[in-house]
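Remarks on the structure that follows.
Residue numbers (this note's numbering): 22 to 162.
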């Protein structure tokens, strides 16, 4: 249960911030903005944080479920599990957020993929580091 709590708390927070950074980059905000305007970015982030949790809660729990399934497979170590969870989240976020229009491309696919990859990787690492994981049962002989 603690695993899902970590994914539900960390995923939408980090993912919402990365989604905000990605959309501002895609819109060209950073080409015309000075460092003094960065405060506005954080203001927008904290004003929209409730929506990050509203729309990111269930996807984060789904990624947590994938992590929970993989932790019970004996052959998959913690490093590989974190990578697999991150890659799965990368693909899902890329397909969910990126468009398929004339402005699509590799940069857009990678940026939106990182919106899923980074929170999943951080959440999986936090679970591995701070929450006791169940040991897989040995096969009866």
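We put the CB at the ideal spot given by N, CA and C, even for glycine.
For residue i, collect the residues of the same chain with a Cβ closer than 7 Å to its Cβ; drop the 5 residues on either side in sequence, then sort them by chain order.
i           : result
residue 24  : 85, 88, 89, 148 and 152
residue 77  : 32, 33, 36 and 37
residue 119 : 125, 129, 130 and 133
One question on the structure: do residue i and residue j come within less than 7 Å of each other, judged by their Cβ atoms?
i          : j           : result
residue 60 : residue 140 : no
Looking only at its own chain, which residues have a Cβ that is under 6 Å from the Cβ of residue i, when we skip the five neighbours before and after it?
i          : result
residue 27 : 144, 147 and 148
residue 15 : The structure shown has nothing for residue 15, since the chain only spans 22 to 162.
residue 92 : 154
residue 22 : none
Report the three-state DSSP secondary structure of residue i (helix, strand or coil).
i           : result
residue 4   : The structure shown does not extend to residue 4, since the chain is modelled only from 22 to 162, so the question has no answer here.
residue 154 : coil
residue 49  : coil
residue 149 : helix
Am I right that residue i and residue j are in contact with their C-beta atoms under 8 Å? What's the rounded C-beta distance?
i          : j           : result
residue 40 : residue 136 : 5 Å
Can you list, in chain order, the residues of its chain with a C-beta nearer than 8 Å to that of residue i? Leave out the 5 residues immediately preceding and following it.
i          : result
residue 65 : 41
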